[in-house]
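Numbering (this note's numbering), first residue to last: 7 to 192.
A virtual CB, placed ideally from N, CA and C, is assigned to each residue, including glycine.
Just so we're clear, the structure is a prediction, and the values are computed from it rather than from any experiment.
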């Protein structure tokens, strides 16, 4: 696994059902080192601290391989890196094989896989199509949130080197499916 793109976003106001909402989901690729801090990515806007950022969700990674699936579902969407709100677009990250607690050396950092992403309406706004939210829930293409155990810089091309494996823990996909069932999403 390696980083294909590093992505950050700025605060942006959007109109959602007649209400102005601030979001940081409109991420874009940057051709520079980005700093992964304990609770977030430096220079990346997090507007909803209740659901994003923090120690367990400091960095969000999403697989470039999943882009191919979504391109077939939404062929008219411009799939620029960061469209899923991810900080790291990773060539091949597989949520069915990464367990909570698996730890990786990436660039100067050490990252621990913690959670899955739960899609909300802002992903629908980003895609200009609210059906993405339900369709996202029906896959295991949820991406991976990481806890930053050692802060530092990362860049495109940096490899994910597994330094700790936790096969006794559920996979990120298992956690996502359990949450989908708990939420009654079919």
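- prompt: Since residue 41 and residue 166 are thought to touch, with beta carbons under 8 Å apart, how far apart are those beta carbons, to the nearest angstrom?
  reply: Not quite, the Cβ-Cβ distance comes to about 17 Å (not below 8 Å), so this is no contact.
query: At a cut-off of 7 Å, is residue 136 close to the ligand PLP when judged by its beta-carbon and the heavy atoms of the ligand?
result: The ligand PLP is not among the ligands present in this structure, which contains no ligands whatsoever.
query: Looking only at its own chain, which residues have a Cβ that is under 7 Å from the Cβ of residue 44, when we skip the five neighbours before and after it?
result: 61, 64, 154 and 157
Three-way DSSP call (helix, strand, coil) for residue 61 in this model: helix
- request: Go ahead and pull the three-state DSSP assignment for residue 164.
  value: coil
message: In this structure, how does DSSP classify residue 22 when only helix, strand and coil are distinguished?
response: Residue state for residue 22 is assigned as strand, using DSSP reduced to three classes.
message: To the nearest angstrom, how far is the alpha carbon of residue 50 from that of residue 192?
response: Each residue's Cα considered, the two are about 33 Å apart.
message: Please report the straight-line C-alpha distance between residue 38 and residue 151, rounded to a whole angstrom.
response: 21 Å
field: Sub-8 Å separation of residue 13 and residue 120 beta-carbons
entry: no
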